Ligand SMILES: *Cc1c(COP(=O)(O)O)cnc(C)c1O
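In the numbering used here, the protein residues as written are 122 to 343.
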């Protein structure tokens with residue numbers, strides 16, 4: 122068994138039924154994604170639109186590609202024809218850009234609303250209050266090519282488990298708060314990465330995004 126296959130098996134075994142694994146393959150070449158694919162993984166997450174597009178072109182068509190990184194409005198067009206889920210929707214402008222591109226492709230695109238919960242200023246996402254204000258006008262009633270599936274977030278990067286737990290609980294709280302507004306298809310709470318996904322699952326994650334634990338450390342210099 123390859124290293125990737127055995128790491129993948131390990132992560133899978135640690136997830137309860139009902140929690141979806143997104144294998145985060147950003148920066149890694151198509152050959153390594155192929156190894157995970159051959160080990161049965163079908164859902165992959167990427168953070169750059171052009172890289173995502175190239176990998177989509179190079180790899181089997183039954184892969185479900187998720188966009189998890191910050192997305193600029195002018196790059197939505199690269200992924201709109203095929204992307205399965207956009208986790209990182211963090212502004213009204215981006216919502217509108219995705220609607221426009223989805224309509225052009227004749228698709229309904231699934232999205233998650235990214236919420237900013239971490240202590241770091243730099244991380245993206247809606248502040249909870251800002252999101253409530255935005256949603257008060259019911260913008261999605263006018264956006265037929267978008268389907269809001271849930272919420273995504275990144276916890277504070279710290280060894281202090283109580284802080285990480287607090288962040289995950291905030292995300293879970295918002296997920297529950299917004300659920301009645303969107304109905305039964307609002308079923309996805311995307312939180313947890315390599316170093317904190319077990320805690321995310323304990324706090325109610327339905328989807329985890331795990332990269333380095335499966336593929337090894339990333340080398341951004343390449
Ligand atoms: C890179 C990334 C991940 C995966 O991180 P690992 O620590 O490698 O598991 C998860 N979520 C987002 C948004 C990312 O950008």
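By construction, the Cβ of each residue, glycine as well, lies at the ideal position given by its N, Cα and C atoms. Because the structure is a prediction, the values reported are computed rather than measured.
Unbroken beta strand (DSSP E) run spanning residue i, endpoints
{"i": "residue 231", "result": "230-236"}
{"i": "residue 206", "result": "206-210"}
Which residues DSSP lists as bridging residue i, in chain order
{"i": "residue 257", "result": "Note: residue 257 sits in no beta bridge, so no partner."}
{"i": "residue 164", "result": "185"}
{"i": "residue 268", "result": "231"}
{"i": "residue 328", "result": "141, 311"}
{"i": "residue 190", "result": "BP columns for residue 190 are empty, so no partner."}
Pair within 8 Å by beta-carbon distance, residue i and residue j
{"i": "residue 196", "j": "residue 167", "result": "no"}
{"i": "residue 207", "j": "residue 173", "result": "no"}
{"i": "residue 184", "j": "residue 335", "result": "no"}
{"i": "residue 141", "j": "residue 306", "result": "no"}
{"i": "residue 233", "j": "residue 282", "result": "no"}
{"i": "residue 187", "j": "residue 164", "result": "yes"}
{"i": "residue 162", "j": "residue 131", "result": "no"}
{"i": "residue 242", "j": "residue 277", "result": "no"}
{"i": "residue 322", "j": "residue 137", "result": "yes"}
{"i": "residue 189", "j": "residue 145", "result": "yes"}
{"i": "residue 288", "j": "residue 238", "result": "yes"}
First through last residue of the alpha helix (DSSP H) which encompasses residue i
{"i": "residue 323", "result": "318-323"}
{"i": "residue 123", "result": "Note, residue 123: premise wrong, no alpha helix (DSSP H); not H, not E."}
{"i": "residue 152", "result": "151-159"}
Could you check whether the segment 256-271 touches the segment 208-222, counting it as contact only if at least three pairs of C-beta atoms, one from each stretch, sit closer than 8 Å? yes
Can you pull every residue whose C-beta falls closer than 7 Å to some heavy atom of ligand 1, listed in chain order? 145, 147, 166, 168, 189, 190, 208, 209, 275, 314, 315, 316, 330, 331, 332, 333, 334, 339
Should the segment 224-240 be called in touch with the segment 265-280, which here means at least 3 C-beta pairs below 8 Å? yes
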